[in-house]
Amino acid sequence: MTLVVRMLRQLEHCWPPYHPHFNIFSSFVGQFNRVIFFIPTLLWHCSLAIQFGQLGIRSIFSQPISAQTNKEPLNNHYSSYALAAKLLKIELGGPQQFNQNGNTIRVDLPKVKAGPLPDHRHISQAITVTQTANLFWISLTLLLPLIWTGLRLL
C-alpha cells in the first residue's frame, strides 16, 4: 500500500497538473492524491505552523490565493507553498517554463506575495523549520509505542 501511494505521489511530481501536455491524465492523479493526502497534509501544516506561534495558527486558517484565478489546475502542494510563504514572509511561486519538442511553454501560476524574494537566510530558516517538524514526527512515532506499553503496564 505504501508503495502504491508513493508511486501516485511520484506521478504527480513527474506529470504536474499545470503542464499543458499532461493536464488530462494528471488531473485524475492530482485529485486522487488530494483525497489520500488530505489528513497528512493538514498534520504537516500544523507541525510547521506551531513553530511560529500565533502567526502560524492564523496562517493555517487564512485562505490561500484561489486556484480559480488561473486556467491551469495547481498541484496539491500549493497550500504548503502559501503557508511557507506566509510563515517565512517571502514571495513564492510564479510562472514556470517547460521544454516540449524544442519549444518553450510558459505557464503562468499565481504567486504568494508575503514579503520580498527569498535569499540565503530564508533558505536556512526553511531548512531549520522543516528539520524541526520532521524531528517532531519521528519522535512521536518512536515514543508512541513506549507510551502505549507504559500505560498498559499501569
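For the sequence shown, my numbering assigns the number 183 to the initial residue and increments by one for each residue that follows. Glycine included, each C-beta is placed from N, C-alpha and C at the ideal position.
Using only the alpha-carbon positions, how far apart do residue i and residue j sit?
i      : j      : result
ARG303 : LEU335 : 48 Å
THR314 : LEU324 : 15 Å
ASP301 : LEU190 : 32 Å
HIS259 : THR223 : 9 Å
TYR200 : LEU193 : 13 Å
PRO202 : ARG216 : 20 Å
LEU322 : ILE239 : 21 Å
THR331 : SER306 : 38 Å
MET183 : ASN316 : 22 Å
ILE221 : LEU328 : 24 Å
ASP290 : PHE210 : 21 Å
Is residue i buried or exposed, if buried means 16 or more other CB atoms sit within 10 Å of its CB?
i      : result
LYS271 : exposed
SER230 : Looking at the sequence provided, one finds Leu at residue 230 rather than Ser. Classification of LEU230: buried, given that the 10 Å Cβ count is 16 or more.
PRO198 : buried
SER208 : buried
GLY235 : exposed
SER261 : buried
ASN283 : exposed
ASN281 : exposed
ILE269 : Ile is not the amino acid found at residue 269; the sequence shown has Leu there. Burial call: buried.
ASN257 : buried
Quick one: what's got a C-beta closer than 6 Å to residue i's C-beta in the same chain, skipping five residues either side?
i      : result
LEU265 : HIS227, SER241
Of the residues the options, which one's Cα is nearest the Cα of residue i?
i      : options                        : result
LEU237 : ILE329, ALA296, GLN278         : ALA296
GLY276 : VAL294, ILE218, ILE287, ALA308 : VAL294
CYS196 : GLY212, LEU274, LEU185         : GLY212
PHE214 : VAL186, LEU225, VAL289         : VAL186
Starting from the C-beta of residue i, find all residues in its chain whose C-beta is less than 8 Å away, skip the five residues before and the five after it, and write them out in chain order.
i      : result
GLU273 : ALA267, LYS293, VAL294, LYS295, ALA296, GLY297, PRO298, LEU299, PRO300
ILE218 : VAL187, LEU190
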